[in-house]
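Contents: one structure, followed by commentary.
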Amino acid sequence: MTADTTSPFEPVIRPAGLNGVLVSFGDALSEQGNRAALAFAEAVARDGIDGVEDCAPSLVSVFVQFDPLHLGLGALTARLTDLLAERDWYAAPMPDGRRFIRVPTVYGTDLAPQLEEAAQAAGLPVSDAISQLSDARVRVQTIGFAPGQPYLGLLPDAWDIPRQTALTKAVPGGALVVAIRQFVLFSGSSPTGWRHIGQTHLKLFRPASDAPFFLRPGDEVQFVQVTPDELARHVNDPDGGAVIEAIR
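Those letters in the sequence shown? Residues 9 to 256, by the working numbering.
Next comes the structure, spelled out in structure tokens:
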């Protein structure tokens with residue numbers, strides 16, 4: 009993915025509860041803000057600050073949890089301020105260990121019944137909608153809402169479509185939904201206000217594994233169009249037929 013690394017937003021550090029700090033790289037989702045959050049989260053983890061218990065990136069922010077009995081808010085804020093000053097985080101390289109994953113996906117049919125509605129909202133014929141969605145190489149921006157569940161983007165401008173005004177009662181695990189220039193891939197059956205436009209057999213949450221979340225922030229994903237018959241061949245494969253390669 010190519011990136012415009014310029015940003016008018018200056019990073020901001022704010023307290024978050026009694027034992028947290030939020031470092032924000034934007035006040036709205038952007039490619040460069042997400043890039044900065046992922047790179048900074050890796051740097052905080054690598055820095056090994058004594059008293060920091062957890063560090064988790066979100067769409068354009070990093071939450072740092074600390075033990076206030078061992079590390080004061082002032083000392084942590086000072087260290088994070090120094091770390092922010094070390095480089096332009098909007099132009100920082102992405103974390104190591106990322107992967108490019110091509111996931112077989114059925115668009116539309118009775119497996120993903122809201123494709124036509126989503127294409128209409130995007131102002132596109134269904135064939136063009138499928139082409140844009142299946143050609144897009146999107147980044148895992150964050151994991152949230154449910155175990156292992158990714159938000160991925162950003163999609164072309166046409167896909168800045170709103171969420172539904174009412175909830176869909178349930179979509180199955182492996183459902184690909186779309187809104188506000190993002191995909192969400194569901195890790196389990198769930199209600200949603202996003203439109204169900206694709207279906208996969210990828211198992212995102214694997215609690216028996218040493219790495220229970222299959223996708224990681226920074227991974228890049230392409231949801232490649234296949235037929236229902238082709239998808240059915242992967243029903244017993246936890247990877248859903250995905251092709252995985254390292255990003256170097």
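All C-beta atoms in this analysis are idealised placements derived from N, C-alpha and C, irrespective of residue type, glycine included.
About 6 Å separates the CB atoms of threonine 200 and valine 185; that is less than 8 Å, so the two are in contact. In the DSSP assignment, threonine 117 forms no beta bridge with any residue.
The DSSP-derived three-state label of threonine 89 is helix. Under DSSP, isoleucine 205 forms no beta bridge with any residue.
Counting only runs of at least 3 residues, the stretch 135-206 fully encloses the following beta strand (DSSP E) elements, listed from N- to C-terminal order: 145-151, 158-161, 176-179, 183-187, 190-193 and 198-200. Counting the other CB atoms within 10 Å of its CB gives histidine 209 a total of 16 or more, which places it among the buried residues. According to the DSSP assignment, aspartate 237 belongs to the alpha helix (DSSP H) that extends over 236-240. Annotation for aspartate 62: the continuous beta strand (DSSP E) segment containing it runs 60-65. Separation of the CB atoms of alanine 126 and arginine 189 is rounded to 12 Å, and the pair is thereby denied contact status at 8 Å. Contact check for valine 111 and glycine 248: beta-carbon distance about 6 Å, within the 8 Å limit, so the pair qualifies.
Of the other Cβ atoms in all chains shown, fewer than 16 fall within 10 Å of the Cβ of glutamate 238; this residue is therefore exposed.
According to the DSSP assignment, alanine 254 belongs to the beta strand (DSSP E) that extends over 251-254.
In summary, phenylalanine 222 is buried, with 16 or more beta-carbon neighbours lying within 10 Å of its beta-carbon over all protein chains present. Per DSSP, arginine 22 is not a residue of any alpha helix (DSSP H); the beta strand (DSSP E) it occupies stretches across 20-23. Nearest to glycine 56 by alpha-carbon distance, out of Asp165, Asp35, Ile205 and Gln73, is Gln73. One Cα belongs to alanine 240, the other to aspartate 168, and the distance between them is close to 31 Å. For arginine 54, the three-state secondary structure derived from DSSP is helix.
About 13 Å separates the beta carbons of serine 139 and threonine 113, which is beyond the 8 Å limit, so they are not a contact pair.
Taking 8 Å as the upper bound for CB-CB distance, valine 134 and tyrosine 159 are not in contact here, some 24 Å apart.
In the DSSP annotation of this structure, leucine 123 is not part of any beta strand (DSSP E); the continuous alpha helix (DSSP H) holding it starts and ends at 123-130. Straight through space, the alpha carbons of glutamate 50 and arginine 256 are spaced by roughly 17 Å. Judged by beta-carbon spacing, isoleucine 151 lies within the 8 Å limit of proline 225, meaning their Cβ atoms are closer than that value.
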